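Position 42 of the sequence shown, counted from 1, bears residue number 132 in the numbering used here, the numbering being contiguous throughout. Here a beta-carbon is modelled for each residue, glycine too, at the ideal position from N, C-alpha and C. These numbers come from a predicted model, not from an experiment. To start, the structure itself, in structure tokens.
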Amino acid sequence: MTCPPLIRPSFFTWLVVPALLWLAVQLFGLPHMIWSYEWHGRIGDEVSRRHYTRCTYIGPNGAITEYPRDGRCGWVRFATAGGR
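Quick look at the structure:
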């Protein structure tokens with residue numbers, strides 16, 4: 091007796107991609123882009139010489155503000171609904 095064509099296991103291989111995406115979101119969070127920042131330095135300084143004191147990111151979970159210890163802000167930050 092043969093199986094009906096809709097019950098073959100190969101039809102369910104597409105479920106791997108959404109499962110991996112869900113796992114990645116649970117582990118790393120959703121991407122948030124840089125929205126604003128504050129920095130210390132002179133107006134004419136190069137961007138590489140600035141010391142950033144506050145970085146605000148905006149994304150699907152709202153705005154997230156952090157105070158970097160190393161004085162640098164990334165362009166993208168991954169965060170969960172709790173902000174971390």
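Three-state class that DSSP yields for residue i in the structure shown
{"i": "Arg-132", "result": "coil"}
{"i": "Thr-103", "result": "helix"}
{"i": "Ala-171", "result": "coil"}
{"i": "Arg-159", "result": "coil"}
{"i": "Arg-140", "result": "coil"}
{"i": "Pro-121", "result": "strand"}
Residue i burial status per 10 Å Cβ neighbour count (16 or more: buried)
{"i": "Gly-161", "result": "exposed"}
{"i": "Gly-119", "result": "buried"}
{"i": "His-141", "result": "exposed"}
{"i": "Ala-153", "result": "exposed"}
{"i": "Ala-169", "result": "buried"}
Proximity of residue i and residue j at Cβ, strictly below 9 Å
{"i": "Tyr-147", "j": "Trp-125", "result": "yes"}
{"i": "Pro-150", "j": "His-122", "result": "yes"}
Whole-angstrom C-beta distance between residue j and residue i, which should lie under 8 Å
{"i": "Arg-144", "j": "Gly-131", "result": "About 14 Å; that fails the 8 Å criterion."}
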